[in-house]
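Here is the structure we will look at.
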Amino acid sequence: MSTKAKLVKIYSGSRKKAKAFVMIEPGTGIIRYNGMLLETLPEHIQSIVSIPIKLIGDKRFSVNIRIKTKGGGVIGQAYAAAIAISRAVVDYFKDEKDLKEKILSYDRHLLIGDSRQKEPKKFGGPGARRREQKSYR
Numbered sequence: 541m542s543t544k545a546k547l548v549k550i551y552s553g554s555r556k557k558a559k560a561f562v563m564i565e566p567g568t569g570i571i572r573y574n575g576m577l578l579e580t581l582p583e584h585i586q587s588i589v590s591i592p593i594k595l596i597g598d599k600r601f602s603v604n605i606r607i608k609t610k611g612g613g614v615i616g617q618a619y620a621a622a623i624a625i626s627r628a629v630v631d632y633f634k635d636e637k638d639l640k641e642k643i644l645s646y647d648r649h650l651l652i653g654d655s656r657q658k659e660p661k662k663f664g665g666p667g668a669r670r671r672e673q674k675s676y677r
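Mapping to this note's numbering: the sequence shown position 42 is 582, numbers consecutive.
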């Protein structure tokens, strides 16, 4: 008896120190974010993660999406998940040529990513740019 292993492609996205991994497969529109349904998450995370899902329209009910995130902060993880979902959706629906253009015209960083990072702290002060004040008089 031979069983075929189910081949699932994993897509990734990152924002600052946060990383997200997305698995997309045929299904009924269930979206899980770190094992929890997307609808049970706080509203500000839902709104960020669901941006690419809203852009694909009714096609979202033909796929199930699983998202795993790690590192960084809550908002960085949400943006990383949005980037990974966008990449997964564009690759999954390859026959839809206008989908990639639709996502790029909405927000270029949903596919390309945002390369900005936090500036490192330097000596002589409490932060990256702020310095201790001095008085000579």
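Built from N, CA and C at the ideal position, the CB exists for glycine as well.
This structure is a prediction, so every number in the text was calculated from the model and none was measured.
- Task: Find out if the Cβ-Cβ distance for the pair Ser-552, Val-562 is shorter than 9 Å.
- Result: The residue given as residue 552 occupies position 12 in the sequence shown. The residue given as residue 562 occupies position 22 in the sequence shown. Yes. Within cutoff.
- If you draw a straight line from the alpha carbon of Met-541 to that of Leu-547, how long is it in whole angstroms? On the sequence shown, position 1 is the one that residue 541 refers to. On the sequence shown, position 7 is the one that residue 547 refers to. Reliability of the predicted coordinates at Met-541 is poor, the pLDDT of 49 falling under 50, and the value obtained from them is presented with this limitation in mind. Between Met-541 and Leu-547, the C-alpha separation is close to 19 Å.
- Item | Pairwise C-alpha distance: Lys-559 and Ala-621 | Here residue 621 refers to the residue found at position 81 of the sequence shown. Here residue 559 refers to the residue found at position 19 of the sequence shown. When rounded, the distance between both Cα atoms is 8 Å.
- Query: Who are Gly-553's beta bridge partners in DSSP?
  - Reply: Translated into the one-based positions of the sequence shown, residue 553 becomes position 13. Gly-553 pairs with Ala-560.
- Query: Taking DSSP as the reference, what is the three-state secondary structure of Val-603?
  - Reply: Stepping through the sequence shown from its first residue, residue 603 is reached at position 63. Val-603 falls in the strand class under three-state DSSP.
- Message: If I follow the unbroken beta strand (DSSP E) through Arg-572, where does it start and stop?
- Response: Here residue 572 is taken as the residue at index 32 of the sequence shown, counted from 1. Its beta strand (DSSP E) spans residues 571-573.
- Item | Cutoff 6 Å; reference His-649; Cβ partners in own chain excluding five residues on either side | Taking the sequence shown and counting its residues from 1, the one referred to as residue 649 is at position 109. Counting only Cβ-Cβ distances below 6 Å, and skipping sequence neighbours, we find nothing.
- Task: Kindly indicate which three-state DSSP category Leu-595 falls into: helix, strand or coil?
- Result: Counting from one through the sequence shown, the residue named residue 595 turns up at place 55. Leu-595 falls in the helix class under three-state DSSP.
- Message: So if DSSP puts Glu-565 in a beta bridge, which residue, or which two residues, is it bridged to?
- Response: Residue 565 sits at position 25 when you count from the first residue of the sequence shown. Paired residue(s): Asn-604.
- Given 8 Å as the limit, is there contact between the region 575-584 and the region 628-636, that is, 3 or more CB pairs closer than that? no
- Residues that DSSP places opposite Lys-610 in a beta bridge: As a working note, residue 610 is residue 70 in the sequence shown. According to DSSP, Lys-610 bridges with Lys-559.
- Message: Could you compute how far the alpha carbon of Leu-595 sits from the alpha carbon of Tyr-646?
- Response: On the sequence shown, residue 595 is found 55 positions in, with the first residue counted as 1. On the sequence shown, residue 646 is found 106 positions in, with the first residue counted as 1. Answer to the nearest angstrom: the Cα atoms are 9 Å apart.
- Message: Can you tell me whether Met-541 is helix, strand or coil according to DSSP?
- Response: Translated into positions along the sequence shown, residue 541 becomes position 1. In this predicted model, Met-541 has a pLDDT of only 49, less than 50, meaning its place in the structure is not dependable; the value taken from the coordinates is given anyway. Reduced to three states, the DSSP call for Met-541 is coil.
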